[in-house]
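One structure is given here, and the rest of the page talks about it.
Here it is, written out as structure tokens:
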């Protein structure tokens with residue numbers, strides 16, 4: 142007799158990789174916030190003007206952790222959550238914290254801002270200057286296959302109720318008795 146196989150464990154596959162990416166994100170966020178707080182606390186008197194302190198650079202370790210997060214997720218083929226992806230800069234892998242390492246502006250360039258559904262959130266990284274544009278408040282448009290599939294199923298045939306006038310043709314194999 143064959144041995145019974147133990148039941149497969151239920152839960153998240155590759156749980157250790159999810160835990161690793163979560164840790165990398167949390168550590169990078171902590172170091173980014175911690176380094177910006179330390180820079181604000183220890184300001185030398187009149188050595189550097191206050192304008193340069195408005196742009197806070199994340200620590201090199203936080204940048205390395207962001208890079209590692211990107212590498213682990215790509216190598217393990219993990220899909221990161223939308224919120225996590227949107228909070229990491231695509232260019233420099235810095236964690237984007239509004240007010241600390243990123244600035245957020247809502248733009249609406251549609252006919253002078255008259256279309257409220259055309260609002261766009263622009264998040265710009267203070268480190269590398271790259272910008273991300275994300276729609277705000279607009280409902281997501283249905284996929285193309287869903288938009289065009291609905292009208293086809295809703296329409297009825299024009300030939301409904303019309304009798305077929307084509308004669309039925311039988312082939313030779315259908316007419317001959319089966320030999321066997």
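In the working numbering, the protein residues as written are 142 to 321.
Glycine included, each C-beta is placed from N, C-alpha and C at the ideal position.
Item: Residue environment, residue 322, which counts as buried when at least 16 other CB atoms sit within 10 Å; Value: Any property of residue 322 remains undetermined from this structure, which presents the chain solely from 142 to 321.
Item: Residue 273 versus residue 143 - alpha carbon distance; Value: 57 Å
Item: Three-way DSSP call (helix, strand, coil) for residue 219 in this model; Value: coil
Item: Top-ranked residue by Cα proximity to residue 268, from 168, 165, 155 and 198; Value: 198
Item: Cβ-Cβ distance between residue 160 and residue 206 below 9 Å; Value: no
Item: Candidates 282, 285 and 241: closest to residue 176 by CA position; Value: 241
Item: Cβ distance (whole Å) where residue 243 is taken to contact residue 264 below 8 Å; Value: 5 Å
Item: Identity of the residues DSSP links to residue 276 by a beta bridge; Value: 261
Item: Rounded separation between residue 246 and residue 239 - CA only; Value: 10 Å
Item: Identity of the residue in 286, 210, 249 and 217 nearest residue 231 by Cα; Value: 210
Item: Residue 287 versus residue 249 - alpha carbon distance; Value: 28 Å
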